[in-house]
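J.: After the structure tokens below, expect a handful of questions from me.
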Amino acid sequence: GGYGIEEVGAALQALVNRHEILRTSFEEREGVPVQIVQASVVLSVTAYGDTMPVDFVKPFDLSVAPLLRAGYYNGELGGVLLLDIHHIITDGLSQAILQDEFIRILSGETLAPVVFQYKDFAVHEQSAAGQLPLANDGAYWTDRLSGELPMLELPIDFARPEVRSLQGASAGVRLSADEVLLLRRLCSEEEVTLYMAGLSLWLLLLWRVSGQEDIITGTPVSGRQHADLSGIVGLFVNTLAIRSRIQAGKRYVEYLSDLKQEVLSDFEHEGYPFELLLEAVWPHRDRSRHPLFDTMFSVQNKNAFWQEMGEDGEVSAEISEAFFTDRGGKFDLNLRLVEYGEDIYLHLGYNTTLFTVETAHALLDGYRELMASLQADKLQYLFDLQLLSPASRLLLSTAPLLDSPAPVNTYSSVFEGRAAKSGDTIAVKDENGFLSYADLNCKANQLAHYLYSNGIVAGSVVGVLLPPCKEMMVGIIGIFKAGCAYLPIDTSQPAARIEHILSDSDVDCVVTVGELPEGLEYSGMIVDLLSPFLQEQPVNNLLLPQDVDQLAYVIYTSGSTGRPKGVPIAQKSLMNYVNWFIEEVQYDESDSTILTSSFSFDLGHTVLFPVLLCGGCLHIVSKDLYLSPSDLSRYVQSAG
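Residue numbers (the numbering used here): 7 to 646.
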């Protein structure tokens with residue numbers, strides 16, 4: 007800007023005189039650290055001529071105030087001020103306060119006296135009034151971090167040293183305009199902040215590359231919970247331990263919603279000092295690790311202060327940050343989402359004794375892959391998330407979750423094997439009777455043959471419009487066998503909604519039992535599953551090519567506008583979920599499930615599909631029955 011070293015030095019000295027924390031040093035007395043506020047301290051500004059110094063940032067002696075240094079050199083566009091401030095006396099908001107006051111002092115403005123100093127906050131924090139909220143916050147955090155605490159095991163490039171090193175570097179990338187737009191749209195549609203959306207992607211990335219479902223990551227918070235603290239310079243920032251238990255069987259939007267509530271609750275208790283938390287839940291320290299977590303996540307807004315002064319006496323100075331190479335490796339990984347104007351940058355700090363720069367960039371690629379995938383399909387299951395680019399595949403060498411085999415068979419092909427093994431066992435039962443596995447397979451085959459012989463080609467969407475009954479599974483599995491996708495439609499919905507779904511989805515056929523609901527108009531092909539002509543069809547398996555990339559079904563949701571919107575789900579997604587659920591619950595032939603919701607809701611698929619691949623029994627009851635707790639209880643007791 008247009009200021010010389012003398013004017014800049016005077017403005018900086020005024021800041022030192024104004025804020026006690028800038029005149030504070032630290033010593034240890036009888037084993038206890040204390041802070042000492044000096045009555046006066048002179049801050050000198052070192053002149054570097056026309057060359058920017060390469061060794062400006064260096065360690066401080068904490069016993070000597072001030073714990074900041076200033077430098078000045080003549081750049082191409084004028085004078086450049088360099089500032090290096092120890093983090094023990096400042097935080098991000100403090101730096102913004104100092105920047106603002108520095109500009110105002112340069113402009114000749116007289117600032118109002120500082121009412122509270124940092125020592126006032128320190129005294130209050132130790133008082134009885136200051137200790138009162140800590141009890142409640144402490145109880146919250148000890149419960150939040152109860153049980154066995156996870157230690158994240160990431161795929162590292164080098165053996166972890168016995169004593170943690172602080173050597174670090176950084177890698178960064180600017181998100182494209184499309185990526186920024188999609189990310190902000192996700193936040194708007196799901197009513198979450200950029201922090202919440204970004205944190206969800208970070209946790210999911212750590213999950214995918216580690217294979218661990220219980221993850222803790224750190225996050226910084228301002229620590230200024232009272233309005234009186236907003237203008238004080240000092241270190242208020244606190245660190246929270248964000249714990250997330252990731253269930254692969256959840257959809258992303260469900261996970262994001264759950265994480266939102268957890269984060270809101272965590273932030274309500276952000277005042278509990280991290281040091282006290284460690285004493286309560288992490289008493290045994292490991293010198294090779296950071297306590298409690300080895301990763302960090304934050305969102306920062308770095309919009310530059312820009313004010314200009316012309317001949318009329320207004321300020322003419324641009325204050326921006328000089329980004330020296332990040333050498334800090336305090337954490338294994340430290341991801342920051344940085345907003346600068348309309349742009350968003352990903353800035354990943356990494357410990358160089360553990361990771362190479364190639365791995366750092368692979369992690370950034372993986373983060374962006376997850377972001378693109380989830381923004382394209384927010385309803386996909388978490389276990390479907392994949393890292394596919396050549397760079398991010400480097401991360402998978404020690405990631406057990408990602409190395410699990412992808413499904414190679416469709417639902418109907420696996421069911422056929424089960425039907426051959428459990429032919430006489432009851433597969434599905436309703437209030438009017440039952441079907442054995444052999445019966446169900448034969449009837450589904452007859453439907454598949456009929457659809458195929460009547461021009462319903464593989465890849466078509468077939469509506470399933472019928473009340474809860476055993477024929478529901480005949481329709482669904484028969485449609486699968488024909489290589490088609492089914493569209494579940496609840497007969498209790500208004501006719502106008504059903505007609506919209508049928509029209510919007512462009513179904514080629516509708517299967518039902520009996521006649522269509524009264525008042526419903528549909529001119530396409532209709533197949534009555536109770537019709538005698540189906541019994542004339544072959545009962546053998548229809549030998550059509552099956553592909554896990556084929557559609558399995560289309561679910562209609564309310565949509566962001568309230569208008570029904572179709573979401574297609576592939577066979578591989580269905581089989582991923584079914585395989586995961588069977589393994590998670592340990593289903594076998596002795597198990598039974600009962601459908602207690604509409605099959606047009608995705609939740610119902612947890613009940614419908616896994617049990618029939620294990621030889622168990624699926625019970626389908628009327629809506630009136632499952633909505634009556636007493637009737638449902640009697641049914642369950644009678645069914646054994």
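Positions of the beta carbon are idealized from the N, C-alpha and C atoms, including for glycine.
Decide if residue 584 is buried, meaning its Cβ has at least 16 other Cβ atoms within 10 Å, or exposed.
T.: The residue in question, residue 584, is buried, as its Cβ has 16 or more Cβ neighbours within 10 Å.
J.: Given residue 431, which residues of its chain have a CB within under 8 Å of its CB, disregarding the five upstream and five downstream residues?
T.: So the list reads 442, 443, 595, 621 and 623, once near-sequence residues are dropped.
J.: Alpha carbon to alpha carbon, what distance is there between residue 361 and residue 161?
T.: So the two alpha carbons sit approximately 9 Å from each other.
J.: Between which residues of its own chain and residue 251 is the CB-CB distance below 7 Å, once the five residues before and five after are set aside?
T.: Result list for residue 251: 219 and 220, in chain order.
J.: Take residue 56 as the anchor and find which of 80, 74, 63 and 34 has the nearest alpha-carbon.
T.: Selected option, being the one with the closest Cα: 80.
J.: Residues in its own chain within less than 8 Å of residue 331 by CB, not counting five upstream and five downstream?
T.: Because the pLDDT at residue 331 is just 44, under 50, the model does not fix this residue reliably, and the value given afterwards should be weighed accordingly. The answer, listed in chain order, is 175 and 176.
J.: Would you kindly work out how many angstroms separate the C-alpha atoms of residue 318 and residue 93, rounded to a whole number?
T.: A caution first: residue 318 carries a pLDDT of 37, below 50, which makes its placement in the model too unreliable to give a value.
J.: Are the beta-carbon atoms of residue 514 and residue 482 separated by less than 7 Å?
T.: No, the pair does not count as a contact, with Cβ atoms beyond the cut-off.
J.: Exposed or buried, what is residue 567 when buried is set at 16 or more other beta-carbons lying within 10 Å of its beta-carbon?
T.: Any reading at residue 567 must be qualified, since the residue scores a pLDDT of 46, below 50, and its modelled position is unreliable; the value itself is stated next. By the neighbour-count rule (16 or more Cβ atoms within 10 Å), residue 567 is not buried but exposed.
J.: So, do the stretch 298-307 and the stretch 220-230 have three or more beta carbon pairs nearer to each other than 8 Å?
T.: Result yes; three or more Cβ-Cβ pairs closer than 8 Å.
J.: Taking the CB atoms as reference points, tell me whether residue 484 and residue 450 lie closer together than 7 Å.
T.: Their beta carbons are under 7 Å apart, which means residue 484 touches residue 450 by this criterion.
J.: Going straight from the alpha carbon of residue 187 to that of residue 390, what length do you get?
T.: If I take the Cα positions, the gap works out to 24 Å.
J.: Tell me, to the nearest whole angstrom, how far the beta carbon of residue 457 is from that of residue 468; I am working on the premise that it is less than 8 Å.
T.: Sure, about 7 Å apart at Cβ, within 8 Å.
J.: Specify the secondary structure class of residue 124 as computed by DSSP and reduced to three states.
T.: DSSP places residue 124 in helix when its eight states are reduced to three.
J.: Do you know offhand how far residue 338's Cα is from residue 120's?
T.: Between residue 338 and residue 120, the C-alpha separation is close to 39 Å.
J.: Considering only residues of the same chain and omitting the five flanking positions on each side of residue 269, which have a CB-CB separation below 8 Å?
T.: 201, 202, 205 and 248, listed in sequence order.
J.: Run the CB neighbour count on residue 607, radius 10 Å, all protein chains shown included, and call it buried at 16 or more, exposed below.
T.: Exposed: under 16 other Cβ atoms inside 10 Å.
J.: On the DSSP bridge list, what partners appear for residue 353?
T.: BP columns for residue 353 point to 178 and 342.
J.: Where does residue 230 fall in DSSP's three states?
T.: Note: residue 230 maps to coil in three-state DSSP.
J.: Are the stretch 359-378 and the stretch 179-196 in contact at 8 Å, needing three or more beta carbon pairs?
T.: Yes, they touch.
J.: For residue 323, does the count of other Cβ atoms within 10 angstroms reach 16, so buried, or fall short, so exposed?
T.: With a pLDDT of 46 at residue 323, under the threshold of 50, the modelled position of this residue cannot be trusted, and the question is left open.
J.: At which residues does the beta strand (DSSP E) containing residue 494 begin and terminate?
T.: Counting along the chain, the beta strand (DSSP E) containing residue 494 begins and ends at 491-495.
J.: Helix, strand or coil for residue 88? Go by DSSP, reduced to three states.
T.: Strand.
J.: Name the residue from 630, 598 and 32 whose alpha carbon lies nearest to the alpha carbon of residue 642.
T.: When only C-alpha atoms are compared, the closest one is 598.
J.: Does the Cβ-Cβ distance between residue 358 and residue 123 come in under 7 Å?
T.: Taking 7 Å as the Cβ cut-off, residue 358 and residue 123 do not qualify as a contacting pair.
J.: If you reduce the DSSP assignment to three classes, tell me which class residue 196 lands in.
T.: Looking at residue 196 - three-state DSSP - the assignment turns out to be helix.
J.: What residues are listed by DSSP as bridge partners for residue 25?
T.: Residue 25 pairs with nothing; no bridge assigned.
J.: Rounding to the nearest angstrom, what Cα-Cα distance links residue 415 and residue 278 in this structure?
T.: For residue 415 and residue 278, the distance between alpha carbons rounds to 51 Å.
J.: Residue 509: buried (16+ other C-beta within 10 angstroms of its C-beta) or exposed?
T.: So residue 509 counts as exposed.
J.: Contact check, residue 559 vs residue 572 under 8 Å by CB: the rounded distance?
T.: With 8 Å as the limit, residue 559 and residue 572 do not qualify as a contact, their Cβ atoms being about 10 Å apart.
J.: Taking buried to mean at least 16 other C-beta atoms within 10 Å of its own C-beta, is residue 516 buried or exposed?
T.: That one is buried.
J.: Report the residue from 511, 39 and 497 whose alpha carbon sits nearest the alpha carbon of residue 526.
T.: Minimum Cα distance to residue 526 is reached at 497.
J.: For the beta strand (DSSP E) holding residue 248, just list the boundary residues, first then last.
T.: Per DSSP, residue 248 belongs to the beta strand (DSSP E) from 244-251.
J.: Does the pairing of the stretch 573-593 with the stretch 526-541 give three or more beta-carbon distances under 8 Å?
T.: In short, these stretches do not touch, since the Cβ pair count stays below three.
J.: Could you check whether the stretch 19-27 touches the stretch 98-109, counting it as contact only if at least three pairs of C-beta atoms, one from each stretch, sit closer than 8 Å?
T.: Output reads yes: the stretch 98-109 touches the stretch 19-27.
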